[in-house]
Every structure is written in structure tokens, then in C-alpha cells.
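Residue numbers (the numbering used here): -5 to 697. Where is the CB? At the ideal position from N, CA and C, for every residue including glycine. Structure first, then comments.
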Amino acid sequence: MSLESDPLYYFRIEARELLEQLTQGLLSLDEADGGAQAVPELFRYAHTLKGAARVVGQARMAEMAHAVEDALSPYRNSGSAVPVDSVHDFLRLVGQMADALDALDAPALPPAPEVHRSEAGTSVVTAPEGPSSEVVRVELERLDTLLEGLSEAVVQMGGLRGAVESLAQAQHGAGSLIEQLTAPVASSGSPAERARWLSRVLSVAEGLRSSLVKAGRQLGGGLGQVESELSRLRDGAHTLRLVPAQTLFGPLELAARDAAASLGRQVEMFAEGGDIQIDGHVLAAVRQSLVHVVRNAMDHGLETPDERRAVGKSPTGRFTLKVQRRGGRVSFQCEDDGRGVDLGRVRQVAVERGVVTAAEVDALDEQGLQQLLFQPGFSTARAVTEVSGRGVGLDVVRDTVRRLKGDVYLTSRPGQGTCITLEVPLTLASLEMLAVEAGGQRLLLPLEALSGATHMPAEAVTWTGARASLSYAGEVLPFLPLADAMGASGAQRPRSWSVLVLDAGSAGRAAVGADKLLGISRRVSRPLPSTVPHMPLVAGASFDEQGVPLLLLDAAGLVRLVQAGSSVGPPQVRPSRKHRILVVDDSVTTRMLEKSILEAAGYQVELAASGEEGVEKALRGGHSLVICDVEMPGMSGLDVTRRLRATPSLQSLPILMVSSLATDEDKRRGREAGVSAYIVKGEFQQHGFLDTVARLTVEGRKA
-5 MSLESDPLYY
5 FRIEARELLE
15 QLTQGLLSLD
25 EADGGAQAVP
35 ELFRYAHTLK
45 GAARVVGQAR
55 MAEMAHAVED
65 ALSPYRNSGS
75 AVPVDSVHDF
85 LRLVGQMADA
95 LDALDAPALP
105 PAPEVHRSEA
115 GTSVVTAPEG
125 PSSEVVRVEL
135 ERLDTLLEGL
145 SEAVVQMGGL
155 RGAVESLAQA
165 QHGAGSLIEQ
175 LTAPVASSGS
185 PAERARWLSR
195 VLSVAEGLRS
205 SLVKAGRQLG
215 GGLGQVESEL
225 SRLRDGAHTL
235 RLVPAQTLFG
245 PLELAARDAA
255 ASLGRQVEMF
265 AEGGDIQIDG
275 HVLAAVRQSL
285 VHVVRNAMDH
295 GLETPDERRA
305 VGKSPTGRFT
315 LKVQRRGGRV
325 SFQCEDDGRG
335 VDLGRVRQVA
345 VERGVVTAAE
355 VDALDEQGLQ
365 QLLFQPGFST
375 ARAVTEVSGR
385 GVGLDVVRDT
395 VRRLKGDVYL
405 TSRPGQGTCI
415 TLEVPLTLAS
425 LEMLAVEAGG
435 QRLLLPLEAL
445 SGATHMPAEA
455 VTWTGARASL
465 SYAGEVLPFL
475 PLADAMGASG
485 AQRPRSWSVL
495 VLDAGSAGRA
505 AVGADKLLGI
515 SRRVSRPLPS
525 TVPHMPLVAG
535 ASFDEQGVPL
545 LLLDAAGLVR
555 LVQAGSSVGP
565 PQVRPSRKHR
575 ILVVDDSVTT
585 RMLEKSILEA
595 AGYQVELAAS
605 GEEGVEKALR
615 GGHSLVICDV
625 EMPGMSGLDV
635 TRRLRATPSL
645 QSLPILMVSS
655 LATDEDKRRG
665 REAGVSAYIV
675 KGEFQQHGFL
685 DTVARLTVEG
695 RKA
């Protein structure tokens, strides 16, 4: 990154680290009742920030840093303790500087990742993440380990040159052998000449064999060593993404204090589990959600000091954050000792705002009422304040956690407090995955969620109507074939099941049945593109050796589905014959996902990666339906539809448009072009999709 393209690039990195150090230091002052030992260091942080801000022309931030520096100066010189009220003022000022720093926009096109060495024995890695850079501190020891592994891999690769030379010798030997075998003496020479010829042939063949054996030995050993070193490098690179949960504690405590102070309340925050390492992307995603939880607790949970005294509580409220690792997932348990959820108020607001009817609210149990708090726009606040009342908060928490394929839970006790727990994956990067085959599909499951596996005959599964269960290690578990879960319940049942027992933490345990287990490997999990239809059981995708995307299933969602005793659902109308469907989409992930859904439902699928290719294949005939995206480079989906409708033999061919364009105008243009049906990707549901496909293929056959 050059200073010409972004003059504030390095300033943002340095300022963010200095502000974090100021926050942590000030909070430690408060905890130690204003102890003065850290004041000189805090003074230096403020002084450094002031100078850096002035260099890049950030006068307002420089003035605020100068104010902190001036205010700390008397305590720095005298060695006396900083009053608690002054610590609170400093924290508010640091919060304002953090807001000012957040307002500094980075360039629209971020650079490639860079590494910068700091004086503290760490490196700062900045990676492009949207319009701004995400900063992660990295221990130099980790970088040294990576460099050592890389150097070793290079050495091992050099050793493979011997194998290349052996193969070259083998190639030369093969040429000599061909010459000997085609020599005239092979068929017309005297017995003595033929004997000498045969000896030469055997000698060349032996040399060829020796060269090949040597090359195989060198390649086998060398590639094994290189693979081992590269695996170590991959694991080491993965650790660079990990950030201690401790980095959340300072900003969250600052948010709690700010919110409490603005509401006339007092709070003391306690945090545990700061040493747990979490994927930086996960931590960044949940950070704002935790801020919403903290502010919600200050406003709706904690009482004022007078109210707390009246009920025998300490005037200072308590907020506790516990970070715990549970297998491959991490939970953030946020608990306050406030008043708890007022379910009567929840009922009243839900009916007043039309969220539910009076009859529906009466039928809800305590858990159902608490879930209403996560509805968009829902707030029990009686007035809009700076902290809350706008109905934005817990719904954002729920949506963020769902995007991460996690869960959020709320429990409350009247008069004693509320606990909100966010549970998300530790990492969004590479995972150990188990590949399985079910109903003709290859699928992936996160190995961390697998608590057991066994082989069982089909008779070991007990069916009660549509529900099934089995006994494993003395425990009766709900069971569902994976093919059923993916909507292919018409798949032929095997004589025996490869049973996988899934443990999804708070979501519970369940068993699923696969046709085959294909092996374990570490793979990179990639999020599905935003244009891909929502699939509730899918956590992401990973490409196989041939570049074909395989679906990575969400263990928690799968467990909930099995416990409910249902499946994603087969189509209401199964195809009576093998209909052939053409899928036209420029996204390989979208093409393969739609292909897997359709083939699981019994259809034959042909793919086209562009509008032009789609028209070419459709003109060949033989399709019962065309499924087409709208926005594609070159020929759009609307152009494809118009071209097919202009062909007499294809005028009645059903065309289903599946697009992210969702306005009435977009749908009108589709109808005018001649599409038979229009599905918005954001509203995609597998039931409705397969029902529409079944209806259109039947209508097309009748036409």
C-alpha cells in the first residue's frame, strides 16, 4: 500500500493499537482505584497518538489526544492516583477518538495483505475486508515458524530434481528400447546376432526399470516430505488468523460504561476466557452483536442505583461475559443481574404492534415470548433514547449469528437477571471434513461435530411413521437418512447404514445415515455467494480436486432437523419420468447447487455457464425445462428467453427465471420476455422451488 493511494493507511493501524492500549490501561487504573504506575505509559500513548494525528492532518483527533495528555500530566509528575471520575472522563474521550477513527474511510479498493514489524516483538497483518482493512497482531515466532517451514519445503522440492533426472534417463532408455526392438536383426539375423541383440534389449530394459524404480522412490519420499511441510505451513498460516478473545473485553467494557453512564446507572464488568483463540473474521463479525447485547443489558436489564437498593441489591450492577470453547464452536455468555425480562410488557407490545394477535400471544409459552425480542423492530422501551427504543438490537444479533451458522439463546429470571448466549464456529477457514455419499450426492460434514460413527444394518433403525431412532452406546438417538435431509427421500434405501452421531453443542445430539464414508481431509470452507439461494442446512462449500463445489452441511441445523423428525422435503409432485432440465448460470456454485437439488429429486440436469452456451444447448432440443439466471455477462437471461421464444419449436418450452432481482419491475420485464415463472433468490425455499419445477415440467409435457 502506497501513501499516495491512502495517506491514512498506516495511521489507522497505529491509532487503533494506541487507542486499544489506552482503553486497557485506563480500565486497569479504574480497577486499581486510580493506581498511578501505569500513568507514564498512558501519557506516552496519548503523546504518540497526538503526534501521529498531526502528521496526517487529523487536527480534531490530535486535540483530543492532547487533552488526554494534559489531563494526565499532573498525575504523571506527582505520582498520585487518578480519581475514578477522571478515569471515566478519559474513557469517554478515548471512545470519541475511536469513533473519529472509524469515520476515516479507507479507499474503495483495498490492497493485498501486508505485514508490518512492530517494536513489541509482534507483526501487524492487515488484510482487505470490504472498504477497510482488518488488523491482526501476530507473534513473530509464528511468522518465523512459517518461514522455516517454507524454507524446508523449498529444500525438499529441490531434492525432487533427482527424480526428474531419473525420469529423463528412463525416457532415453525407452527410446533406446524402441530402437532395439525395431532393428532388422530382431527378425533376420543369425542366432548369434539375435542372442547379442536380445542381451542388449534386456540390458536396456533393466536400465529403464532401474530408472523408473529410482524415480518412484524419490518422488514417493520427496512428495511425502513436501506434503508434510506444506501441511505444517497451512496449519501455521491458519494460526495467523486467530485472535485472543481478550481483544473484545476493553471495547465491550467501554460500551457498557458509556451506556450505563448515559442512563444514570452503575455497572461493573467481569470477563473470562480471554485466552481463547478465535478466527479474526468470526471475532469481527460478533463484535458489534456483543455491543448490542451489552447496551441492551444496560437499558433493559440493569436498574438504577435507587431501584437496586430498594430490592436489596448492590447499587452497582454486574455484567459478566464468559467466553468458552465447546469443540469446534465458541460461546459468548452475556449475563446481567438486573430485573429480567418483563413478559407482561412483551405480550402488550407484541399485540400493540401487530407482531402477533391476542389469541396467538396467549398460546405462547415463556420461551416463545422471549423469542419475540429477536423480531425486527421489536422493542419494549417506552421512549426512544440514545441507547435504545428504535427496535434495532437483538434482531441484528440473531441475523449475524445465523449468517455464521450459529445459535443465540436467551434465558431470564424475574428480578435476578438475563443471560444471552451467542454460539458460533471457532473458524470460518480450513476445517477437517468428512466426505460422505448419500442418495447419489457427495456431501461434507465438519469432523469436529462428529462424536461417533458405526455401521448398522437397516433393521437396527426403528421407524414410527416418518420418525426413526436407533440405539448407540446405550443412548436412543433420533435418526434421519442424509438423503432425506437433502430432499431425496425417494432414494433407494441401503441394506446397511454408515451411521454418524453428531454433537452440535447446545443444539443437542442426533444420528444421520450415509450410504458411504469417503474419507477425511482438511479443506477450505468458502461462504456461498450472496446470489446463491438460501439453504438452511448448508454452512458453505468446498471444491474437490476437480474443482466441483461440494456442500458443507451445518451440523447444528442438521441436528435440529433430525430432532424435528422431518426433512428439507421432496417435491410434492415427483417426476413420472426422467425430465431433462437445462440450468443456465454464470456462477459455478449456483449451477452445482441447483444441479444437486434437482438430481436428488430425480431429474436429469445439463449445465450451461453462459447465455450463449445455454441457447446453443437449448436449440439442440430434448429439454423439459430451462432454469436461467438474469444477470450474466454477454447474453442476459432475458436475452436467452427472447431468443428461445423466437424459435418456433421452443415457444412452449417452460422457462423458470431464478434471480436476485426482486422488484415488481424486474418481474414484469421477465413476463414480457416470456418467462413461465420467476423465483427471487432471496426468497428461495427448496419446497417451493421443486414444486414449481415439477409443475412446469408437467405443463411443458402437455404442451
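#1: Going by CA-CA distance only, name the one from M292, A357, G631, T298 that's closest to G664.
#2: Could you check which residue in L95, G446, A53, A75 has the C-alpha nearest to that of I7?
#3: Name the one or two DSSP bridge partners that S536 has.
#4: From which residue to which residue does the alpha helix (DSSP H) around V556 run?
#5: G268: buried (16+ other C-beta within 10 angstroms of its C-beta) or exposed?
#6: Taking the alpha helix (DSSP H) that F84 belongs to, which residues open and close that run?
#7: Is the CB-CB distance between D401 and A550 below 8 Å?
#8: Using three-state DSSP, classify Q702 as helix, strand or coil.
#9: Quick one: residues in its chain with C-beta nearer than 8 Å to the C-beta of G332, no 5 flanking neighbours on either side, listed in chain order?
#10: Grouping DSSP H, G and I as helix and E and B as strand, with all else coil, what is Q260?
#11: Given that a residue counts as buried once 16 or more other Cβ atoms are within 10 Å of its Cβ, and exposed if not, what is R111?
#12: In terms of residues, what are the limits of the beta strand (DSSP E) holding D269?
#13: Grab me the residues of R701's own chain with a C-beta within less than 7 Å of its C-beta, minus the 5 sequence neighbours each way, in chain order.
#14: Please determine, among S604, A265, R235, the residue with the shortest C-alpha to C-alpha distance to L277.
#15: Mapping DSSP to helix, strand and coil, what is A75?
#16: I need the straight-line Cα distance from A558 to L358, nearest angstrom please.
#17: Near F5, what residues of its chain come up, given a Cβ to Cβ distance below 7 Å and the 5 sequence neighbours on each side ignored?
#18: Which of helix, strand or coil does DSSP assign to R436?
#19: Are the Cβ atoms of D252 and R86 separated by less than 8 Å?
#20: From which residue to which residue does the beta strand (DSSP E) around P648 run?
#21: How about L701 and A656: do their beta carbons lie closer than 8 Å?
#22: Helix or strand or just coil, what does DSSP make of G605?
#23: Measure the C-alpha to C-alpha separation of G563 and A9 and round it to an integer number of angstroms.
#24: What do you reckon, are the CB atoms on L464 and V506 nearer than 8 Å?
#25: Tell me T412's beta-bridge partners as DSSP assigns them.
#26: DSSP three-state label for T456, please.
#27: Look up M427 in the DSSP assignment and say whether it is helix, strand or coil.
#28: When you compare the segment 440 to 450 with the segment 595 to 608, are there three or more beta-carbon pairs, one atom per stretch, that lie closer than 8 Å?
#29: Is the CB-CB distance between S582 and I621 below 8 Å?
#30: Taking D685 as the reference, which of G513, E666, L650 has the closest Cα?
#31: From R489, P408, T421, A498, pick the residue whose C-alpha is nearest to that of G446; which is it?
#32: Would you identify the three-state DSSP class for K510, choosing helix, strand or coil?
#33: Buried or exposed: where does S184 fall if 16 or more other Cβ atoms within 10 Å of its Cβ makes it buried?
#34: Is it buried or exposed, T691, if we count other Cβ atoms within 10 angstroms and call 16 or more buried?
#35: On the DSSP bridge assignment, give the partners of H699 in chain order.
#36: Which residues does DSSP pair with P238 in a beta bridge?
According to the structure data:
#1: Comparing Cα positions, the closest option is G631.
#2: Distances from the alpha-carbon of I7 to those of L95, G446, A53, A75 put L95 closest.
#3: When DSSP reads this structure, S536 sits in a beta bridge with L544.
#4: Segment 549 to 558, the alpha helix (DSSP H) holding V556.
#5: With fewer than 16 Cβ atoms within 10 Å of its Cβ, G268 is classed as exposed.
#6: 78 to 96 is the span of the alpha helix (DSSP H), which, as asked, contains F84.
#7: Their beta carbons are under 8 Å apart, which means D401 touches A550 by this criterion.
#8: Given a span of -5 to 697 for the chain in the structure shown, any question on residue 702 remains unanswerable.
#9: Closer than 8 Å at Cβ, skipping near neighbours: A291, H294, G295, L296, E297, G311, G411, T412.
#10: DSSP, reduced to helix, strand and coil, places Q260 outside both helices and strands of the structure shown, so it counts as coil.
#11: Annotation note: pLDDT 43 at R111 (below 50); position unreliable, no value reported.
#12: Per DSSP, D269 is not a residue of any beta strand (DSSP E), being assigned neither H nor E.
#13: In the structure displayed, the chain extends from -5 to 697; residue 701 sits before or after that span and is not available.
#14: Taking only the C-alpha atoms, the option nearest L277 is R235.
#15: In this structure, A75 counts as coil in the three-state DSSP scheme.
#16: About 19 Å.
#17: Excluding positions up to five away in sequence, the list reads A46, V50.
#18: Under the three-state reduction of DSSP output, R436 falls in the strand class.
#19: Yes. Within cutoff.
#20: First-last for P648: undefined, no H or E at that position.
#21: Outside the displayed span of the chain (-5 to 697) sits residue 701, for which this structure offers no information.
#22: If DSSP states are grouped into helix, strand and coil, G605 belongs with the helices.
#23: Confidence is the limiting factor: at G563 the pLDDT is only 39, short of 50, which leaves the residue's position unreliable and the question unanswerable from this model.
#24: Not a contact, by the Cβ cut-off of 8 Å.
#25: According to the DSSP secondary-structure assignment, T412 is paired through a beta bridge with S406.
#26: Here T456 sits in strand by DSSP.
#27: It is a strand residue.
#28: Taking 8 Å as the limit for Cβ pairs, the verdict is that the segment 595 to 608 does not touch the segment 440 to 450.
#29: Residue 582 is actually Val in this sequence, not Ser. No; because the gap between Cβ atoms is not below 8 Å, this pair is not in contact.
#30: For D685, the closest of G513, E666, L650 by C-alpha to C-alpha distance is L650.
#31: Closest in alpha carbon position to G446, among R489, P408, T421, A498, is A498.
#32: Strand at K510.
#33: Per the 10 Å Cβ criterion, exposed.
#34: T691 is classed as buried because its beta carbon has at least 16 other beta carbons within 10 Å across all chains shown.
#35: Lying outside -5 to 697, the shown extent of the chain, residue 699 is not represented and no answer is given.
#36: Answer by DSSP bridge pairing, in chain order: Q271.
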